[in-house]
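Colleague: Taken in order, these protein sequences are the chains called A and B. Read in order, the letters of the first sequence correspond to residues 0 to 444 in numbering that gives the first Met the number 0. Read in order, the letters of the second sequence correspond to residues 0 to 444 in numbering that gives the first Met the number 0. Input: one structure, supplied below.
Number of protein chains: 2
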Amino acid sequence: MEHVVILGAGFGGLYAARALRREPVRVTVVDRRNHHTFQPLLYQVATAGLNASDIAAPIRRVLRKQKNTSVLLAEATAIDPAQKKVIFEDGELGYDRLILAAGASHSYFGHDEWAAFAPGLKTVEDALEIRRRVLLAFEAAERELDPARRSAWLTFVVVGAGPTGVELAGALSELARHTLVREFRHINPCKARIILLEGAGQVLPSYVPELGEKARKQLEALNVDVRTGCLVTGIDEEGVSIGDRRIEARTVLWGAGVAASGVARTLGVPLDRAGRVLVQPDLTVPGHEDIYVVGDLASLKQEDGTPVPGVAPAAIQEGRHAARNIARTLRGQPRLPFRYRNRGSMATIGRAAAVADFGRLKLSGFLAWLAWLIIHVLFLIGFRNRFMVLFSWAVSYLTYQRASRLITGETPRLLEEEHRRAPELEPRKDDGAARSQPIPEHART
Amino acid sequence: MEHVVILGAGFGGLYAARALRREPVRVTVVDRRNHHTFQPLLYQVATAGLNASDIAAPIRRVLRKQKNTSVLLAEATAIDPAQKKVIFEDGELGYDRLILAAGASHSYFGHDEWAAFAPGLKTVEDALEIRRRVLLAFEAAERELDPARRSAWLTFVVVGAGPTGVELAGALSELARHTLVREFRHINPCKARIILLEGAGQVLPSYVPELGEKARKQLEALNVDVRTGCLVTGIDEEGVSIGDRRIEARTVLWGAGVAASGVARTLGVPLDRAGRVLVQPDLTVPGHEDIYVVGDLASLKQEDGTPVPGVAPAAIQEGRHAARNIARTLRGQPRLPFRYRNRGSMATIGRAAAVADFGRLKLSGFLAWLAWLIIHVLFLIGFRNRFMVLFSWAVSYLTYQRASRLITGETPRLLEEEHRRAPELEPRKDDGAARSQPIPEHART
Chain A
0 MEHVVILGAG FGGLYAARAL RREPVRVTVV DRRNHHTFQP LLYQVATAGL
50 NASDIAAPIR RVLRKQKNTS VLLAEATAID PAQKKVIFED GELGYDRLIL
100 AAGASHSYFG HDEWAAFAPG LKTVEDALEI RRRVLLAFEA AERELDPARR
150 SAWLTFVVVG AGPTGVELAG ALSELARHTL VREFRHINPC KARIILLEGA
200 GQVLPSYVPE LGEKARKQLE ALNVDVRTGC LVTGIDEEGV SIGDRRIEAR
250 TVLWGAGVAA SGVARTLGVP LDRAGRVLVQ PDLTVPGHED IYVVGDLASL
300 KQEDGTPVPG VAPAAIQEGR HAARNIARTL RGQPRLPFRY RNRGSMATIG
350 RAAAVADFGR LKLSGFLAWL AWLIIHVLFL IGFRNRFMVL FSWAVSYLTY
400 QRASRLITGE TPRLLEEEHR RAPELEPRKD DGAARSQPIP EHART
Chain B
0 MEHVVILGAG FGGLYAARAL RREPVRVTVV DRRNHHTFQP LLYQVATAGL
50 NASDIAAPIR RVLRKQKNTS VLLAEATAID PAQKKVIFED GELGYDRLIL
100 AAGASHSYFG HDEWAAFAPG LKTVEDALEI RRRVLLAFEA AERELDPARR
150 SAWLTFVVVG AGPTGVELAG ALSELARHTL VREFRHINPC KARIILLEGA
200 GQVLPSYVPE LGEKARKQLE ALNVDVRTGC LVTGIDEEGV SIGDRRIEAR
250 TVLWGAGVAA SGVARTLGVP LDRAGRVLVQ PDLTVPGHED IYVVGDLASL
300 KQEDGTPVPG VAPAAIQEGR HAARNIARTL RGQPRLPFRY RNRGSMATIG
350 RAAAVADFGR LKLSGFLAWL AWLIIHVLFL IGFRNRFMVL FSWAVSYLTY
400 QRASRLITGE TPRLLEEEHR RAPELEPRKD DGAARSQPIP EHART
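This is the structure we're talking about:
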């Protein structure tokens, strides 16, 4: 039996594996994590609305009934197309057919030094790191006595107004204005500023201008400060620069560029500017018809000249198509070209706020949000997750509460930093005499 | 208004804060974490049954309606009783009355070098670390070709058969034998060995022998290898030594000793052997009637000469009692001595298996488990948690599935270690010729 290796268990890889379950092949799914992540809901983990395990399922569990498939926890460092091998740091794995679905991570457009100050949102770890920074920022603001520093802790900048940026900005605003609002004594979380920066001229640049405008209105109704046509020129620990202008902000989140997984470079085939593999219409790599590339790692133009977008439905369709082409090859049939069927796109902004584009049907507001909710929950893998997510959401919707507000990790790093920086600022330094504690005016409401 | 500082938001501190909510004092609750942890259910997080946020609630949220109370995220390094100050690394906080509820962590009986190899279970971070090690051990076993090494990956040793150790051992057995059983292709998780070591002569040494014996029987029914009268003399990366005997095990968990928080040492008052403060019957510190100590940090003998046990109900009662004594002092009334009311003790072993001692009424098996479940879920703080936990449990009970099986953290450390140690062992090293993959005999069932 031929051995099909699938590298990466995101949407592309997982759906490819599923499509091979009844084919006469032996399948090995390799991923460096033990779980498949439902990336469209990661922003909910980052903003404390959902648990990490609500939106991530163990790959073994998802594929446990698929007898021809095994799962391997390992990180590939290279592909050797001549020897037909995937190389790990500590070993290698031979294949007859390879489906490369290793995905993408963030791109800081040549400014990798920004990564430390502006985490992106691709993995569960990213989401937990963002959650940690956001929650610690409010804690630090509560302890801070200097108004300018307090204001910098309460300023949150999201760079990039694509779907991820829009979702993060909207959810941050709701977290500050509804969830945290009564819990602090010295700050008013409502005063938190959420600033969404976008280089292009509209919010959601990949959407039609009409929906971009509606998204902007809905964001502004949530008190998000939306600034389009703003190219970020610098990010550091203290804030963001846009040319001469400066925003003092201790929390900056990155929702802008993506960069293809580095493993593609080891193939020795032509890549596009973002490092993605220029695949042939049947999704194989030029010169290596036993290697398929799917998902965010594949670069393919549609018949109308536009690229297949880097979204989950495209990855799913490509994964299935690669599996189908492998099955056809084994039966001696020719491979078919891939055609992306665009079933619509949508972005959520907040509670009952979203935009959706189903071609002729364009929705915004509550209806778009409901469509978004139903489709995303239905696509979650595994019954329990689906039910738990829906239940969590119902509770959040009714109570404005967010369930997963733990700050984990032994040391609150950001706080420590601040304290090293400003040892003279002491929290509530009462001496025996001054026993009534001054509470800032703005927090008394 | 007097300023009451409560150090630590475990059971003792949190219930003290709640009991002060209508008193004419200003309360500050200080904790180095932003969440209160429901420690009795931590073992469920460690064995992937519950999410961390199911059993932990943000302290701010729990106390948000209590207008006289603020919450501070900070780690105390010392107490200065003369100046009436709590000292942090980066500041200090004055108090009029102090309730010290900083709790305890693990004690390795003078062998702190064991900590790296045998994590204990006191915090959410501990639980996530144990979960990570346990799940990675099965992943490593799946990749391992050498039978002896594979067997070491599949051997789990729990040191200490108190309630925590018993719960961990039982839950590990269920994880291996029910949850993971169909998901691996090269190992049979049922073959995992769970070994529970106890220095004393019985399981649950603090319980009556009759219940200890019943607990042992229930553990053995779950295939746990229970060994009493076994004093561990060494723990390293590869296993556990008991005198001349040796158990090769890559995963060792620590459920044995506890050590009081170090902050007690800075008080300059007499401590007991475990580092706990020897408090007076009214829970104040000798010579400092403005300082109360409650929970695991307090050492107090009952009238019959036995110590107040280090359990959650005792901490809750002490926290409330300290608050009551502060209120009485402010009203000019004398402080009252603390009396522990033992409402019973219970330990759970697994699905429908537990022991409970309510004095005359002693239960084991399903009834004890039901009592345990009801009491623990009722005590969980916050409606949503309670409901979610009950729901998670119902699903686990019916399906044997465990929801929270994520391995997070960028690098699977244990695996990397193993690979550095054994670079010659490659995962499924297929060459082009050998296309049929050998599957170990024992995994074919």
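Glycine is no exception: its CB is placed at the ideal position from the N, C-alpha and C atoms. Just so we're clear, the structure is a prediction, and the values are computed from it rather than from any experiment.
Could you name the residues of the same chain whose beta carbon sits closer than 6 Å to that of Glu-416(B), not counting the 5 residues immediately before and after it, in chain order?
Modeller: Residue confidence for Glu-416(B) is low, a pLDDT of 35 falling below 50, so the modelled location carries little weight; the figure read from the coordinates is stated next. Taken in chain order, the list of residues that qualify is empty.
Colleague: So, is Asp-303(A) buried or exposed, given that buried needs 16 or more other C-beta atoms within 10 angstroms?
Modeller: That one is exposed.
Colleague: For Glu-138(A) and chain B, any beta-carbon pair shorter than 8 Å?
Modeller: At least one chain B Cβ lies under 8 Å of Glu-138(A).
Colleague: Report the neighbours of Ser-403(A) on chain B: residues whose CB is nearer than 9 Å to its CB, in chain order.
Modeller: Residues of chain B passing the Cβ test: Asn-50, Ala-51, Ser-52.
Colleague: Ordered along the chain, which non-local residues of its own chain (more than five positions away) have a Cβ less than 6 Å from that of Arg-130(A)?
Modeller: Here the set comprises Ala-45, Ala-47.
Colleague: Measuring alpha carbon to alpha carbon, tell me which of Thr-265(A), Val-123(A), Ser-69(A), Arg-142(A) ends up nearest Gly-90(B).
Modeller: For Gly-90(B), the nearest C-alpha among the options comes from Arg-142(A).
Colleague: Under 6 Å Cβ to Cβ from Leu-243(B), same chain only, skipping five residues before and after it: list those, please.
Modeller: According to the sequence displayed, residue 243(B) carries Asp and not Leu. Result list for Asp-243(B): empty, nothing under 6 Å.
Colleague: Would you kindly work out how many angstroms separate the C-alpha atoms of Leu-277(B) and Leu-174(B), rounded to a whole number?
Modeller: Whole-angstrom Cα-Cα distance: 41 Å.
Colleague: CB Leu-167(A) to CB Val-157(A), shorter than 8 Å?
Modeller: Result yes, Cβ atoms of Leu-167(A) and Val-157(A) sit closer than 8 Å.
Colleague: Suppose the cutoff is 7 Å on Cβ atoms and the five residues either side in sequence are ignored; what does the same chain contact list for Tyr-339(A) look like?
Modeller: Answer for Tyr-339(A): Gln-301, Val-307, Ala-313, Gln-316, listed in chain order.
Colleague: Whose Cβ in chain E lies nearer than 9 Å to the Cβ of His-34(B)?
Modeller: In the structure shown, chain E does not exist; the protein chains are A and B.
Colleague: Measure the C-alpha to C-alpha separation of Leu-369(B) and His-320(A) and round it to an integer number of angstroms.
Modeller: Spanning the two alpha carbons is a distance of roughly 50 Å.
Colleague: At a CB-CB cut-off below 7 Å, which residues of chain A make contact with Pro-57(B)?
Modeller: Residues of chain A passing the Cβ test: Arg-404.
Colleague: According to the Cβ coordinates, are Ile-54(B) and Asn-33(B) closer than 8 Å?
Modeller: For Ile-54(B) and Asn-33(B), no; Cβs fall outside 8 Å.
Colleague: Pull up the DSSP beta-bridge partners for His-2(A), would you.
Modeller: In DSSP, His-2(A) forms a bridge with Arg-25(A).
Colleague: Could you compute how far the alpha carbon of Asp-125(B) sits from the alpha carbon of Ala-56(A)?
Modeller: Going from the Cα of Asp-125(B) to the Cα of Ala-56(A) covers about 22 Å.
Colleague: Just the chain B side, please: which residues come within less than 7 Å of Glu-182(A) by C-beta, in chain order?
Modeller: The answer, in chain order, is Arg-59, Arg-60, Arg-63.
Colleague: Beta-carbon of Val-123(A) versus every beta-carbon of chain B: anything under 8 Å?
Modeller: Interface residue, yes.
Colleague: Just to check my reading of the structure: Ser-104(A) and Ala-273(A) have Cβ atoms closer than 8 Å, yes? What is that Cβ distance to the nearest angstrom?
Modeller: Between Ala-273(A) and Ser-104(A) the Cβ distance is about 11 Å, and since that is not below 8 Å, they are no contact.
Colleague: Against chain B, which members of the stretch 285–306 of chain A pass a CB distance test of less than 7 Å?
Modeller: Cβ contacts with chain B: none found.
Colleague: How far does the beta strand (DSSP E) with Val-156(A) in it extend, from its first residue to its last?
Modeller: Start and end: 154–158.
Colleague: Counting only beta-carbon atoms, is Leu-41(B) nearer than 8 Å to chain A?
Modeller: Chain A, which has no Cβ nearer than 8 Å to the Cβ of Leu-41(B), makes this no.
Colleague: Do Ser-403(A) and Leu-405(B) have their C-beta atoms closer together than 8 Å?
Modeller: Not a contact, by the Cβ cut-off of 8 Å.
Colleague: Check each residue of the stretch 138–168 of chain A: if its Cβ is closer than 9 Å to any Cβ of chain B, include it; give the result in chain order.
Modeller: Flagged, chain order: Glu-138, Ala-139, Glu-141, Arg-142.
Colleague: Using a beta-carbon distance cut-off of less than 7 Å, what residues from the stretch 70–82 of chain B approach chain A?
Modeller: Hits within the stretch, in order: Leu-71, Leu-72, Ala-73.
Colleague: Let me know if His-28(A) comes out buried or exposed under the rule of 16 or more other beta-carbons within 10 Å of its beta-carbon.
Modeller: The question names His, but residue 28(A) in the sequence shown is Val. When all chains shown are included, Val-28(A) counts as buried.
Colleague: How far does the alpha helix (DSSP H) with Thr-68(A) in it reach, from first residue to last?
Modeller: Where Thr-68(A) is concerned, there is no enclosing alpha helix (DSSP H), although the beta strand (DSSP E) it sits in stretches over 68–72.
Colleague: Is it right to say Gln-447(B) is buried, meaning 16 or more other beta carbons lie within 10 angstroms of its own, or is it exposed?
Modeller: Only positions 0 to 444 of chain B appear in this structure, which leaves residue 447(B) out of reach.
Colleague: Would you list the residues sitting across from Val-469(A) in a DSSP beta bridge?
Modeller: One cannot answer for residue 469(A) here, as it falls past the ends of chain A, which runs 0 to 444.
Colleague: Let me check understanding here. Comparing Cα to Cα, which of Ile-186(A), Gly-93(A), Leu-71(A), Ala-355(A) lies closest to Ala-81(A)?
Modeller: Ala-81(A) has its Cα closest to that of Gly-93(A), out of Ile-186(A), Gly-93(A), Leu-71(A), Ala-355(A).
Colleague: If you check the beta carbons only, do Val-200(A) and Thr-227(A) fall under 8 Å apart?
Modeller: Residue identity differs from the one stated: residue 200(A) is Gly in this sequence, not Val. Going by C-beta atoms, Gly-200(A) is nearer than 8 Å to Thr-227(A).
Colleague: Since Gly-309(A) and Gly-11(A) should fall inside the 8 Å C-beta cutoff, what is the C-beta to C-beta distance between them, to a whole number of angstroms?
Modeller: Not confirmed; about 11 Å, so no contact.
Colleague: If you draw a straight line from the C-alpha of Gly-238(A) to the C-alpha of Gly-159(A), how long is it?
Modeller: Cα to Cα, Gly-238(A) sits roughly 15 Å from Gly-159(A).
Colleague: Quick one, which of Thr-68(A), Gly-254(A), Glu-182(A), Asn-50(A) has its alpha-carbon nearest Trp-113(A)'s?
Modeller: It is Gly-254(A).
Colleague: With C-beta atoms as the reference, is Asp-281(B) less than 8 Å away from Asp-95(B)?
Modeller: Contact: no.
Colleague: When the Cα atoms are used, what is the spatial distance from Ala-147(A) to Arg-249(A)?
Modeller: Between Ala-147(A) and Arg-249(A), the C-alpha separation is close to 11 Å.
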